[in-house]
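Here the structure is laid out as structure tokens; the discussion comes afterwards.
Here you go:
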């Protein structure tokens, strides 16, 4: 017969029985661990035996100071499902909880923060030939025109930029992040005047 690990309250009843029998904590640990191996250690038995010696035979945990959490994990799951891109700070403002509580509960429900990934383009043969032609034209342009003549024009400079909106998202460990399309081949440009 396979030994089952009993509930903690059952072990405490066994400890109280051993205490009333007159055993000390070490002997009680040995007797109980013979029946239920590796259930508790001697230090825990000693704490409970000192509690019994002081006359407190209550077998349940005493009230501990500290505020009980008011954050519902189901509410947090629903919020994460609605918008997985929210940061911990935004969640803390939305749910009116400290960020450390949000972080602990995200770990409890198994969410991890991951960044979205770039999706490679599926190029047709026509797209591939167009790209190779454009690359060749750019290479020829570098040979014919001066580099600085294209960038600086009478104290003006065109600055090319692309500002993709990539945010981290909270996901379950086995889920892959949502994909984000690669930036276009024609980035935005801004005129910088000096």
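Residue numbers (full-length UniProt numbering): 1 to 194.
Yeah, the Cβ is synthetic: ideal placement off N, Cα and C, and Gly gets one too.
Please read all numbers here as calculations on a predicted model, not as lab measurements.
- Residue 115 carries a strand assignment under DSSP once its states are collapsed to helix, strand and coil.
- When C-beta atoms of the segment 73–87 are compared with those of the segment 39–52, fewer than three pairs fall below 8 Å, so the two segments do not count as touching.
- Selection 10, 132, 31 and 134 evaluated against residue 58 yields 10 as nearest (Cα-Cα).
- Ranked by how close their Cα comes to the Cα of residue 116, the residues 27, 187 and 180 have 180 in first place.
- Between residue 104 and the set 83, 177 and 72, the nearest pair of CA atoms involves 72.
- For residue 171, the enclosing beta strand (DSSP E) begins and ends at 168–171.
- Taking the C-beta atoms as reference points, residue 29 is found no nearer than 8 Å to residue 16.
- Per DSSP, the unbroken alpha helix (DSSP H) holding residue 19 starts and ends at 8–21.
- Around the beta carbon of residue 133, fewer than 16 other beta carbons lie within 10 angstroms, which makes this residue exposed.
- Here the C-alpha atom of residue 158 lies approximately 10 Å from the C-alpha atom of residue 188.
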